[in-house]
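Colleague: Chains as they are written, first to last, in the numbering used here: chain A, 637 to 749; chain B, 31 to 143. In this text, a Cβ means the ideal position worked out from N, Cα and C, and glycines have one as well. In this text the structure is predicted, and so the values were computed from the model without any measurement. So that we are looking at the same thing, I have put the structure below in structure tokens.
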């Protein structure tokens, strides 16, 4: 649907293990974002990318890293997962370079035991 | 950075009544204000947006108003229907912040038939 997919959609892992979430777009948009959604906090930006190999931190970046080696893929990595990183993670693409619409993926539910 | 506050956190209305959700922002450089609707278990989806050079925008039963001087913007839904029940998020963005979008904490709207 609309060219953005996330994988995996659901994952259960244990504290201390590495986890990588993948966001794939088919529409060649420059901006890509990773958000986490938690009750009472809304959507909080983790990292975003404005081009291949160009990334920057958002408001809750501690414990997360990202990579974008090609336009279509934006990876979010938890090097050593903690229970506080249990959340729903949404990838989004920015459909314009000039503060245009964000289009979200379907989300990835991560549970860290 | 930008700080977006959203009120109320929950809202219940009778079918056919109006609903109003309010947001404030802190960064005077913010110039794009979208509203997203998220149904249970689904992705957030854009329903309406407004830019800083416009004071009001309407789309059928929904409207958004912006007061730049006071740094607040509001979502108005008229003639509410049960399918309007969802969580609504406001957001603010500025090209000066690398296209970062800052979200409010959400309003859970319930329309009672």
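I'd like to know whether the C-beta atoms of residue 647 of chain A and residue 744 of chain A end up nearer to each other than 9 angstroms.
Modeller: Position 11 of the first chain, counted from the first residue, corresponds to residue 647 of chain A. Position 108 of the first chain, counted from the first residue, corresponds to residue 744 of chain A. Yes; because the gap between Cβ atoms is below 9 angstroms, this pair is in contact.
Colleague: Tell me whether residue 142 of chain B is buried or exposed, calling it buried when 16 or more other Cβ atoms sit within 10 Å of its Cβ.
Modeller: Sequence index remark: in the second chain, residue 142 of chain B carries index 112 (1-based). Answer is exposed; the Cβ neighbour count stays below 16.
Colleague: In chain A, what lies closer than 7 angstroms to residue 133 of chain B by C-beta?
Modeller: Start at 1 with the first residue of the second chain, and residue 133 of chain B comes out as number 103. Here the neighbours are 678, 679.
Colleague: 9 angstroms is my cut-off, CB to CB: does residue 663 of chain A come that close to chain B?
Modeller: Numbered from its first residue, the first chain carries residue 663 of chain A at position 27. It does not; no Cβ of chain B falls within 9 angstroms.
Colleague: Do residue 710 of chain A and residue 701 of chain A come within 9 angstroms of each other at the CB atom, strictly closer than that value?
Modeller: If you number the first chain from 1, residue 701 of chain A lands on position 65. If you number the first chain from 1, residue 710 of chain A lands on position 74. Result no, Cβ atoms of residue 701 of chain A and residue 710 of chain A do not sit closer than 9 angstroms.
Colleague: Would residue 139 of chain B count as contacting chain A if we go by Cβ distances under 9 angstroms?
Modeller: Position 109 of the second chain, counted from the first residue, corresponds to residue 139 of chain B. For residue 139 of chain B, the answer is no, since every Cβ of chain A falls outside 9 angstroms of its Cβ.
Colleague: Is the beta carbon of residue 35 of chain B less than 9 angstroms from the beta carbon of residue 136 of chain B?
Modeller: For the purposes of this step, residue 35 of chain B is identified with residue 5 of the second chain, where counting begins at 1. For the purposes of this step, residue 136 of chain B is identified with residue 106 of the second chain, where counting begins at 1. No.
Colleague: In chain order, what residues of the same chain have a beta carbon less than 7 angstroms from the beta carbon of residue 64 of chain B, not counting five sequence neighbours either side?
Modeller: Locating residue 64 of chain B in the second chain gives position 34, where the first residue counts as 1. Taken in chain order, the residues that qualify are 76, 79, 121.
Colleague: State the Cα-Cα distance for the pair residue 696 of chain A and residue 712 of chain A, rounded to the nearest angstrom.
Modeller: Taking the first residue of the first chain as 1, we reach residue 696 of chain A at position 60. Taking the first residue of the first chain as 1, we reach residue 712 of chain A at position 76. Distance between the alpha carbons of residue 696 of chain A and residue 712 of chain A: 13 angstroms.
Colleague: Identify each residue in the stretch 100-121 of chain B for which the Cβ-Cβ distance to at least one residue of chain D is less than 7 angstroms, and report them in chain order.
Modeller: In the displayed structure, chain D is absent; the protein chains listed are A and B.
Colleague: By the three-class DSSP mapping on this structure, what secondary structure does residue 720 of chain A have?
Modeller: Reading the first chain from its first residue, position 84 is the one you call residue 720 of chain A. Residue state, collapsed to three classes: helix.
Colleague: With DSSP as the reference, please indicate the residues paired to residue 647 of chain A in a beta bridge.
Modeller: In the first chain, residue 647 of chain A corresponds to position 11, counting from 1. Note: residue 647 of chain A sits in a beta bridge opposite A:746.
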